[in-house]
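When the letters of the sequence shown are read in order and numbered with the working numbering, they come out as residues 156 to 475. Glycine residues also receive a C-beta, built at the ideal position from the N, C-alpha and C atoms. So the structure is just underneath, and the comments pick up after that.
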Amino acid sequence: MTVASAPGKIILFGEHAVVYGRPAIAVPVTQVHADVEVAESSRPGIWIHAPNVDLDVELNTLPSDHPLAAVIHNLFFGLGISPHPIPSPNGRGSKGEGLGITINSTIPVASGLGSGAAVSVALVRALSSALGHSLTDEQVNVFAYEIERLHHGTPSGIDNTVITYAKPVYFIKGHPIETLKAGRPFTLVIGDTGISAPTKQSVADVRRLWTKNNLRMEQVFDEVAQLSLMARRIIESGQPEMLGDLMNQNHAFLQEMTVSSPELDALVRAACKAGALGAKMSGGGRGGNMIALVTPETAEPVSRSLLAAGARRTIITQVA
Ligand code: PMV
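Here is the structure:
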């Protein structure tokens, strides 16, 4: 039996602008994760069991563009493995027995916490290793990015990267990966609007805005890029309390990009009123999650205020 796990993630700075080549910062969120187990199965074929989404099916009965089928087919193709006959975990083609893949995830779907990328990363790791291929992080990241591309059209690659490496990253599309070390740990409260919103939609809307008002949007992306750059220096130099103001500024630019929402704005206001040092929406927007920068003392009061202001749930997480 082979197991693999991948964390959730949250974007601290630079979402959307990152699609246009500007830097962004993202960190793993280990309180939520996707877990995959691959074992031999007495049932012939490749069986996918994902209780979260009520799925118990043989691979070939899924449409090839189904998110889970796409990961598996891509991996087989990339590794030069023919799934017929089913490759067995011990490396020999097997006739009767099959593989059982069990997928569990505590990451809410379509909420900016990277649920799709985390499942892809864990699935690629568990399945490749069950079939006797040990992949580097770089290879896992390439597979996970391919799947993001299938589902999001023009993803920057930030989700799969931060989740594959499970470390804070300073990310610029197409550049070598740069991990970040926080000079001093800091605490975030993540507040979930409970509204699932497809990133593809908000990314497409920003593109329309960018096409219509190119000059202004390019300025906005440049301003956001400066925020990400400053944030990186602040994080590395261990003065995280200075991030709050930058988060507020980043949120205002995301509002201008039209990707915030009344619910996200309400949670951002509630967090600041309860003593957060700053707050912003995070990820694709229009729903999903927001983040607030807190001290160990304000973490609980901010979390309570978010729940009172309508958050479906909160997560308190430390960036170390
Ligand atoms: O997956 P989400 O919702 O956290 O958003 C990804 C961040 C975007 O910048 C909006 C899109 C991208 O591909 O980088």
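Contact belief for residue i with residue j at Cβ below 8 Å, rounded distance in angstroms
i: Ala189; j: Ala277; result: 5 Å
i: Ile256; j: His204; result: 7 Å
i: Leu214; j: Gly200; result: 7 Å
i: Gly439; j: Ser415; result: Rounded, the Cβ-Cβ distance is 11 Å, inconsistent with contact.
i: Pro353; j: Ala475; result: The pair is not a contact, with the Cβ atoms about 31 Å apart (cut-off 8 Å).
i: Val173; j: Phe326; result: 6 Å
i: Gln186; j: Ile470; result: 5 Å
i: Ser219; j: His228; result: 6 Å
i: Thr309; j: Val358; result: 7 Å
i: Arg467; j: Thr348; result: 7 Å
i: Thr342; j: Gln473; result: 5 Å
Same chain, Cβ closer than 6 Å to residue i, neighbours up to 5 away in sequence not counted
i: Arg198; result: Gly253
i: Ala161; result: Ala189, Ala273, Val276, Ala277, Ile318
i: Asp211; result: His204
i: Val191; result: Ala159, Ile258, Ala277, Leu278, Ala281
i: Leu223; result: Ile203
i: Leu305; result: Ala225
Own chain partners of residue i with C-beta closer than 8 Å, once the 5 adjacent residues on each side are dropped
i: Ser437; result: Ile165, Ile166, Leu167, Glu170, Gly267, Ile345, Gly443, Asn444, Met445, Ile446
i: Ala386; result: Leu167, Phe168, Ile180, Leu398, Leu401
i: Gln394; result: Gly338, Arg339
i: Glu418; result: Thr348, Ile350, Gly442, Gly465
Contacts around residue i, its chain only, beta-carbon distance under 7 Å, and the 5 residues preceding and following it disregarded
i: Thr334; result: Tyr320, Lys322, Pro323, Val324
i: Ala194; result: Met156, Gly255
i: Val264; result: Ser270, Ser351
i: Ser196; result: Trp202, Glu252, Gly253, Leu254, Gly255
i: Ala464; result: Ala421, Leu422, Ala425
Validate contact between the stretch 427 to 444 and the stretch 395 to 406 using beta carbons, cut 8 Å, 3 pairs: yes
Meets three-Cβ-pair contact criterion under 8 Å: the stretch 453 to 471 and the stretch 410 to 422: yes
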